[in-house]
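Count the sequence shown with my numbering and you get residues 115 to 279, in order.
We put the beta carbon where it would ideally sit given N, CA and C, even for glycine.
Comments concern the structure below.
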Amino acid sequence: MRQIFLACLVLLAGNTVLADSPLTPVNAESFHEYLQNVQKDGSTVVLVNFWATWCQPCREEIPIFMELERKYADKGFRLIAVSLDEVESIDSVVRPFMEKWFPGFHSLYSVEYDMDATVSVVDSAWNEVLPTSYLYSRDGQLSERLQGKFTAAEFEARIIALLQD
Numbered sequence: 115m116r117q118i119f120l121a122c123l124v125l126l127a128g129n130t131v132l133a134d135s136p137l138t139p140v141n142a143e144s145f146h147e148y149l150q151n152v153q154k155d156g157s158t159v160v161l162v163n164f165w166a167t168w169c170q171p172c173r174e175e176i177p178i179f180m181e182l183e184r185k186y187a188d189k190g191f192r193l194i195a196v197s198l199d200e201v202e203s204i205d206s207v208v209r210p211f212m213e214k215w216f217p218g219f220h221s222l223y224s225v226e227y228d229m230d231a232t233v234s235v236v237d238s239a240w241n242e243v244l245p246t247s248y249l250y251s252r253d254g255q256l257s258e259r260l261q262g263k264f265t266a267a268e269f270e271a272r273i274i275a276l277l278q279d
């Protein structure tokens, strides 16, 4: 029954993110469509970040990303965060974690049982290292894969460079 419910949520989430929901389910197909919709106008620099609650460097990056999105949203920067936590833990772990530590943070979450299925939308050669982020230029081209720990200044320099292009 839970799988049917999740499938319905994925279909409903499809091309939009619910503004009042901090977590939105996606499968590989709906994530692909979502990413294409964000990039279709050619005016947005996008950072796709794959994270999980059990990943310490991921937890350290979230406030950085939230600040960068606040700072550069009006210049065309957009963060797309995707939780790769187990689907069964979304309500018991991920949602309470986000409410406690990162209120106001929005993330998609993968309903796929294989992490590779969702990440392969942007990187078929992903090596299952978290955190991993993908930075896209305004024209939707992958600019860089950022894997491992980076400082706020390193992320910001990369984003500014693409915003100025």
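Please check the pair residue i and residue j, which I expect to be a contact at CB under 8 Å, by giving their CB distance rounded to whole angstroms.
i      : j      : result
VAL140 : SER224 : 6 Å
GLY262 : VAL243 : 7 Å
PHE179 : ALA195 : 7 Å
Using three-state DSSP, classify residue i as helix, strand or coil.
i      : result
GLN114 : The structure shown does not extend to residue 114, since the chain spans only 115 to 279, so no value can be given for it.
ALA239 : coil
ASN151 : helix
GLN261 : strand
VAL162 : strand
VAL225 : coil
GLN278 : helix
PHE269 : helix
PHE191 : strand
PRO210 : helix
LEU234 : Here the sequence assigns Ser to residue 234, which means Leu is not the residue at that position. Looking at SER234 - three-state DSSP - the assignment turns out to be coil, as it is neither helix nor strand.
Would you mind working out which of the options sits nearest residue i, comparing C-alpha positions?
i      : options                        : result
SER197 : TRP165, ASP228, GLU174         : TRP165
LEU256 : THR138, GLN153, PHE219         : GLN153
ARG184 : SER135, GLY218, THR246         : GLY218
ASP199 : HIS146, VAL235, TRP168         : TRP168
GLN150 : ASP253, ALA275, ALA266         : ASP253
ILE204 : PHE145, THR138, GLU181, VAL159 : THR138
What do you reckon, is the C-beta of residue i under 7 Å from a heavy atom of the ligand NAP?
i      : result
HIS146 : You won't find the ligand NAP in this model; it holds no ligand whatsoever.
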